[in-house]
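Here the structure is laid out as structure tokens; the discussion comes afterwards.
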Amino acid sequence: MDALTLTIDYIFSETFFHGAQMTLLLTIVSVFFGIVVGLIIAILQEMDNKYLNYIVVAYLWFFRGTPVLFQIIFVYNVLPSFGINLSSFASGVVALALNEGAYIAEIMRAGLQSVGKGQRTAATALAMKEWQIMRYVIVPQALRVIIPPIGNQFIGMLKLSALVSVVAVEELLLVANQAASSNFRYLEALMAAGVYYLFFTTVFMYIQGHIEFWAKGGRRRAQRDKELKVDVAIERTEVR
Amino acid sequence: MMSTDSSRSEKKIIEAFDVRKSFGNLEVLKGVSMEVTEGKTMVIVGPSGSGKSTLIRCFNLLETINSGEILFEGRPISGTDKDAWKTRLEIGMVFQNFELFGHLTVLENIILAPTVVKGIEKAEATDKAMELLKKVRIPEKASSFPDELSGGQQQRVAIARSLAMEPKLMLYDEPTSALDPEMIKEVLDVIQQLSQESMTSVVVTHEMGFARKVADRIVFMDHGQIVENSTSEKFFDGEVSDRAKMFLEQILSH
């Protein structure tokens, strides 16, 4: 069988397809829980409590200071001796999400801080209450800063998820590696996996582009301009 | 001129008694007493760091005072007030940097607080907002976003946004300091118009020409104290302290 045919065979094979599904699932679930963890960390950081702050600092210190691969193996192999038995998939997600949370917390803090103090003051002067200010003034503006980099985190996580192959989660890279080790045709197996990775990252980038456009208020502005044009057109016909 | 009898019955909107305020070790208000009369316009002038802005920020509880007392319509508002927002309902404020909400259109900026805080129907709030935009002379910008407007336009929207809450008192904190010279007039014209319509106003500004035109009273502050508090006529006729004269010479010299 020539290289191209075998590659295409791999791409459409059930094992590769399942591997790709697993990679996508790992990515989405890990980023999702990463966002949850990040949000909690960001909130804890904003609260002026010395002890909570120690916890946060220790967390960031550990998860930013050690390799992700180390964290994955740690969760899978060390936690069981403390009575926490997780499946290989769950171990992978826990390690990836905890790691991700450290970075997402930073993104969220930057987002919240990007909304100037004056905006809060202005809203306060308008007799808005704390939760109303958060809901209508701070969060909508912070999201515009937070969401685009989270798109980047998705792409990063897609690639990071390959590390989970080390604890035998049947994701894309492990599938490719297994296929190749049975017939030593690494080129074809890795090409097939590479096609999947590039497909996913391309789709993510495309979605991210749209989200960035939204974040800049582009969609609302475009919509508004369209309506204005219609208004002008109506006025013109009325004049005639 | 007002007769003595009617001036005695004038209603006080704000009364401040021996107000003191410190930031850390720095005392920025060192015992300030003054009052703002209903329907009148007061202009507060003075060098930077003299406590002008801090004083008016105490009126709507953006700052809490350390001692003394402030009355709003005869009711004490000083201290940490849980119902501070109720006082703020009655007081509009305009800031040096406009502080329009960047993610909302001009119209949405104006109707946000009326709909969210006061629970007014959106349609009603929108009608009111359009009226106010006419008043500040930019109805055509209703669907623009703040970053599509000039500074002067943004500040006029900010004024409309405050007016939408139907305040009894308007505070202007250096409303033209961040503006290019050619835009200052359009903002001051709006403030002047409101003042002539008997909107009770306190304006912190360096625009002495404007002060002369609109102020009923001028307060001159320096180092956290009121050095001068007199009618506009007296102030500009030169019946003022040497310290105030020096300041006037400095800012009028160019």
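Residue numbers (the numbering used here), protein chains in the order written: chain A, 1 to 240; chain B, 1001 to 1254.
Cβ atoms here follow ideal geometry from the backbone N, Cα and C, with glycine treated the same way.
- In the DSSP assignment, the residues bridged to L1071/B are E1015/B, P1076/B.
- For F1145/B, the C-beta contacts it makes with chain A under 9 angstroms involve G217, R220, R221, R224, in order along the chain.
- Under a 10 Å Cβ-count criterion, D1173/B is classified as buried, with 16 or more other Cβ atoms of the shown protein chains found around its own Cβ.
- Selection E1010/B, M1042/B, E1027/B evaluated against Q1196/B yields M1042/B as nearest (Cα-Cα).
- For K1135/B, DSSP records no beta bridge to any residue.
- Here P1114/B is buried. Its C-beta has 16 or more other C-beta atoms within 10 Å.
- With the rule of 3 Cβ pairs closer than 8 angstroms, the stretch 182-190 of chain A does not count as touching the stretch 206-225 of chain A.
- Comparing alpha carbon positions, the residue from M128/A, A102/A, G118/A closest to V36/A is A102/A.
- Distance from the CA of E171/A to the CA of A125/A, rounded to the nearest whole angstrom, comes to 54 angstroms.
- Taking a 10 Å sphere around the C-beta of P1146/B, we find 16 or more other C-beta atoms and assign the residue as buried.
- Among the residues facing chain B, Q141/A is included, as its CB has a counterpart in that chain under 8 angstroms away.
- With contacts defined by Cβ atoms closer than 8 angstroms, I1070/B and A1016/B form a contacting pair.
- Note on A1244/B: 16 or more other CB atoms within 10 angstroms of its CB, so buried under the neighbour-count rule.
- For S1053/B, the enclosing alpha helix (DSSP H) stretches over residues 1052-1059.
- By the rule that beta-carbons nearer than 8 angstroms mark a contact, A1123/B does not touch chain A.
- Measuring C-alpha to C-alpha distances from L24/A to each of L173/A, H210/A, N177/A, E227/A identifies L173/A as the nearest.
- Against chain A, a Cβ distance below 9 angstroms from M1165/B picks out L126, A127.
- Exposed is the label assigned to K1134/B, since fewer than 16 other Cβ atoms lie within 10 Å of its Cβ.
- For the pair M1183/B and S1150/B, the CB atoms are nearer than the 8 angstroms cut-off.
- Between L158/A and Y197/A, the CB-CB gap stays under 8 angstroms.
- If you ignore the 5 residues before and after M108/A, its C-beta comes within less than 7 angstroms of the C-beta of G38, L39, A42, I146, all in its own chain and listed in chain order.
- Per DSSP, the continuous alpha helix (DSSP H) segment holding M205/A begins and ends at 186-215.
- The stretch 3-22 of chain A makes no contact with the stretch 70-79 of chain A; the number of CB pairs closer than 8 angstroms stays below 3.
- Below 8 angstroms, too few C-beta pairs join the stretch 1179-1194 of chain B and the stretch 1105-1114 of chain B to call them touching: fewer than three.
- Proximity of T66/A to chain B, defined by a Cβ-Cβ separation below 8 angstroms, is not satisfied.
- Between the stretch 1078-1097 of chain B and the stretch 1025-1036 of chain B, the count of C-beta pairs closer than 8 angstroms stays below three; the two stretches do not touch.
- Pairing S1232/B with A1215/B gives a Cβ-Cβ distance under 8 angstroms.
- Going by DSSP, N177/A is part of no beta strand (DSSP E) but of the alpha helix (DSSP H) stretching over 172-183.
- Here N1060/B is buried. Its C-beta has 16 or more other C-beta atoms within 10 Å.
- With fewer than 16 other beta carbons inside 10 angstroms of its own, Q113/A counts as exposed.
- Note on geometry: alpha-carbon atoms of Q1192/B and G151/A lie some 49 angstroms from one another.
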